[in-house]
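The numbers in my numbering rise by one with no breaks, and the one at position 88 of the sequence shown is 88.
By construction, the Cβ of each residue, glycine as well, lies at the ideal position given by its N, Cα and C atoms.
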Amino acid sequence: MEYHYQDLCMPTNHLMPDPYAAEYTPQYLLPTHEAEYEVRSTVLVDGGDRFGVSAVVFDKYEELIWMGNQGGHVTSYYGANMQKYTSFQVHQSEEVRDILTVEQGIYALTKTSLRHQIRRGIPKHTFRSQNMTDMQCLYQVSPTKLMMGGHQEKLIDLDLTKMIETVLPIQAEGCAVLRSGGGTLVACGSANGTVALRDLRSPSASEQVFKAHTACLSDLDMQGDLLITCGFTESVNGVAVAEPYVVIWDVRCLRGSNKIEGAWSIQTASPPLLLHFLPAFSGRAVALSGDGHVALLHVNAPDEEQSVFQVDTHSSLCSVMDVSSTSQALVFGDQAGHLHLFSPQHNHEPVFNNFSRATEFADQVVGLPYVSFNDTTFQHSSVPLPPLASGNKWFNALPEEFFKKVFRKPKPIDAEVLKSMKMQGPIGYAPNPRTTKRNQMPYIEDNLEDLVASRQIENKFMSQPVPKYYQKLDLRYNKHASNDDLELFNKTGFPGLESTLPNSYCNAMLQVLYYTIPVRVALLAHSCAKEFCLSCQLGYLFRTLDSSGGTPCQATNFLRAFRTIPEAAALGLILPDRGADTRVDLMALVQSWNRFILHQIHYEILETRKKEKALLAHNASSPPKGRMVPKPRSLGGMNGQYDEYQYTELEFLGPNTDFEQEEREDGWNANNEVMFGPTDYLALVGENEQTNENLELASEKQTEREESEISQLFAIGRHQLNRCLKCNKEEERESVVLACALQYPGGAAREGEARGFAELLRASLAARRSTPAWCDHCGRFTPTTQRGRVVRLPPILAINCGGVTAHEKAYWAKGSQKDMPETVKRGSSGKPCRYGLHCARLGCRFKHPERPGSQSMSSKSSQDSHCLLPHQLLIRLQSDGDVLINDKGDQSPSEPLTPTARLDKHKKKVTTQSEEEYTLFAAVVAVEDNPKNLVAYIQTGREGEQWHMFNDLCIVPVSPEEVVQFSAWWKSPCVVFYASPAASHAS
């Protein structure tokens, strides 16, 4: 509140005569101990050169400070730096005497009006009344009711919903201050020093009235049952003198005849002018004098030392003060037009409210970026071109016919070759006539059209060079020298990972795991006694990245422990030296690494949990010290190391690589799955260490699976039905997978149109195929139909994109279907195949009946062959086990992309069992350069608007469109991650 001397009904020259003028001059105070608060910000308010600050208050709902001056202007400031938020005029001439913040906006009180405005500065309405003659203070009784008081003989009770006032008559002295301690009592302080306690339920009558000060009242405040006041007393000569102490009243002791027994005083170094309790502390108050001296008082302990500090008021009167609800910030205003924000000494970023809502700011004006000439990472294509007049085109906008691919025509086969050719099935053999040079393709180049086409193909790769920040950069971080080159490639503040160590190809996946919040939380909480535990080393690496402050880090400990894992060596994941990265297939390697690390972390967490349970059970059942009991083997050795664990009850899916593919009923290829027990894992991996076959780890016993944080995040529950085509015996089993492998179309499906990413994922989740398998009833290998259906969707969907073979890589390239070599078509012979629809042989030369659904597939319009990764997917699990996947960026959720989503007329109508909405948040991409490289796209901002590309030490921001486009010849996806809203709750 502000104290107005001209409104005290007494001459102003009697208040502060010349003999007492020196009391408000700045004086030096020696504090008793170090001050608790110190200044954080000081600003000159709007109009501060002409008007002083008359009202100040902290916003109860947002991180804002509201200020009103003597010229009727209101300004708000945001945060601890006091950034100006809004500024508007509420009255032409009257000063702002009090401000009240509500959920919808603010109420600013002047002498004769009450203005309601929203926080952005838009006025809602202005309330005026004949009963408002000299208003002074505001108090919020309830969300729909206000109480106003002033130097007049009435209080005004205002209903905010109906804008109807109720007049409450009071004494002639009026009401200058309205404060409550949180109960039903409100203290009304008048100018003559009288304090009246009124009940909010019946405010027309006073509960208690007493004289607090003989001359006049300066300020008061309440907290619970305690009331503090300060004011002026009359001297012998009849002059009002400021009292150098604060009076504390216990309102519970004011009902008796002797009211002085429930009051005591606290001496202050300077006469206080304003008072305010600290809401976050019980029994602590702030006393402010007119010359800027501030004292922190202990009202329940008068003899306690006071913390004193000074506000620089620029030789003016300090007129207003307020305390935030958290007591972390104090704000003071003076007559010189300044606001001073104070906070505790070690709290440089104070918070005004415990649960403040977000403040609404204006949209930033998009302008042209400012780029240095030395910035080599800036994308010039990101600068938009100015609009043109209607009908005009840019000079570089060429016609469409200039962008069509024209292929060179090959020369016909030499007649000598045809004469000497011998056929062996569909393959012809002939001696080389040596008419052309080695590795030379004979094309026809005898006309201008072929010459132009030849030049276009030669410049095909030159038109799309690999950007520099995608290439394998030899950047090294030097602790003892400047890193100017490194600063050009990383201006984001995110820490990078050095690639100077062997097996650093996994840096991209390490960054993805680090920015996957639930995984990071699980690994940071993991701790065990195993010497080479990858989960512990990942947790240590994540702690290092958290505390690096943007400085590059090394995964030294993790890579050292990674080289000691025998399973990683058996899978071929350990490279001998750094130079081997250029000779291996990084796409297959990183996908195998993704499957391996998820399984490894899963089993290490389970093993640690089992050891802890066993140790607790052993300690609970241990005999007295006098008895010798053999130590269980499951508890490990004397050094605390754990025994080696075994993989159990998980399905190990990998990308399609060097295995013979089998064709399913709908024309899709799938890899063979091998069933084996947990003890056979190492032996089988040792035999197939050069391959990445789909390995399924399932226990023969139908026991309840133990889950870890990793399986809860990534596990896809599946139910598989195997049916023998000879005896129709069916066998069911359940399993889970941690990573889904994409399976690309082949055979009959390859002859049709290309399928989109959603269809690829649908066929990979709900796999159907026919393959020879052992039948116990028949006693031999028989054709078996295997059908899998998904029964549970994970919060995070990890997808291995394959891309190992030429056909899979061509799927992501523009025009891949035309570039692919034609394969031998099925059904080239007139003799029917004896397996019919269940034939699993690739390139079978016998005739096959038309597969169901082929017509619908050919009639369906497909997406472009350069498939884009959708930013959002909607996956639905049907009651019949089918999976429907919708790309929300292309179609509405009610229109499924899959051709199998259309129900047959004679089938029973199915319903949606469950559905999940997934959003793309990370992707690992292979860059086909020399040498090859792996980078990671990671969503680092909210709502999918902020993406960064992580290339070891090079980190640059990228657009969301660049993340999902793979039409360039040098970029192919390896592993993509989709997250559902349930993933955020898991953290």
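A straight line joining the alpha-carbon of Ala741 with that of Leu760 spans about 10 Å. Here the C-alpha atom of Ala798 lies approximately 12 Å from the C-alpha atom of Met509. In the three-state reduction of the DSSP assignment, Trp970 falls in the coil class. Counting C-beta atoms within 10 angstroms of its own C-beta, Cys318 has 16 or more neighbours from the protein chains shown and is therefore classed as buried. Considering only Tyr978, Thr771 and Glu928, the residue with the shortest C-alpha distance to Asn800 is Tyr978. DSSP places His116 within a strand segment (E or B) once states are collapsed to three. Approximately 11 Å separates the beta-carbon atoms of Pro973 and Ala922; this is outside 8 Å, ruling out the contact.
When Cβ pairs closer than 8 Å are counted between the two stretches, the stretch 167-184 is seen to touch the stretch 130-150, the count reaching three or more.
The beta strand (DSSP E) runs of length 3 or more contained entirely in the stretch 208-240 are, from start to end of the chain, 216-223 and 226-234. In terms of Cα proximity to Glu709, the closest of Val519, Val417, Asp887 and Asn728 is Val519.
Taking Leu488 as the centre and dropping the five residues before and after it, the same chain places the C-beta of Asn374, Asp375, Thr376 and Thr377 closer than 8 Å to its C-beta, in chain order.
Between the stretch 560-574 and the stretch 586-601, the count of Cβ pairs shorter than 8 Å is three or higher; the stretches touch. In this structure, Glu234 places its C-beta atom within 8 Å of the C-beta atom of Ala215. In this structure the stretch 55-67 lies against the stretch 330-339, because at least three pairs of beta carbons, one per stretch, are closer than 8 Å. Judged by DSSP in its simplified three-state form, Glu961 adopts helix. Less than 8 Å separates the beta-carbon of Leu273 from that of Gly290.
Each residue's CA atom was taken as its position, placing Gln104 and Phe714 some 44 Å apart. Taking every protein chain shown into account, the CB of Gln511 has 16 or more other CB atoms within 10 angstroms, so this residue is buried. In the three-state DSSP reduction, Asn396 falls in the coil class, being neither helix nor strand. When the beta-carbon positions are compared, Leu793 and Ile716 come within less than 8 Å of each other.
Listed in chain order, the beta strand (DSSP E) elements of length 3 or more contained wholly in the stretch 335-404 are 338-344. By DSSP's assignment, Ala926 forms a beta bridge with Leu934 and Ser972.
The shortest C-alpha to C-alpha distance from Gly881 to any of Phe361, Ala301 and Val791 is the one to Val791. Excluding residues up to 5 positions away in sequence, Leu501 and Asn503 lie with their Cβ nearer than 6 Å to the Cβ of Leu559 in the same chain.
Boundaries around Cys536 are those of the alpha helix (DSSP H), Leu534 to Asp546, since no beta strand (DSSP E) includes it. Rounded to the nearest angstrom, the Cβ distance from Ala766 to Arg789 is 5 Å, consistent with a contact under 8 Å. Residues Arg733 and Gly788 of the same chain have their beta carbon placed closer than 6 Å to that of Gln720, with the five preceding and five following residues left out of the count. Leaving aside the five residues that flank Arg119 on each side, the residues in its chain whose CB is nearer than 6 Å to its CB run, in chain order, Gly105. Within the same chain, and ignoring the five residues on either side of Gln117 in sequence, the residues whose Cβ sits closer than 8 Å to its Cβ are Val74, Phe88, Val90, Gly105, Ile106, Ala108, Pro123 and Lys124. With 16 or more other CB atoms across the displayed protein chains lying within 10 angstroms of its CB, Ala240 is buried. In the DSSP secondary-structure assignment, Asn300 is not bridged to any residue. Take the alpha-carbon of Gly496 and the one of Val883: they are about 39 Å apart.
Within the DSSP secondary-structure output, Cys188 pairs in a beta bridge with Leu178 and Ala196. When the five nearest sequence neighbours on each side are left out, the beta carbons in the same chain lying within less than 7 Å of the beta carbon of Phe232 are those of His213, Ala215, Cys216, Ser218, Ala240, Val241, Ala242 and Glu243, in order along the chain. Taking each of Leu64, Gly68 and Glu63 in turn and checking the Cα distance to Val45, the smallest one comes out for Gly68. As the crow flies, the alpha-carbon of Gln471 is around 34 Å from that of Lys437.
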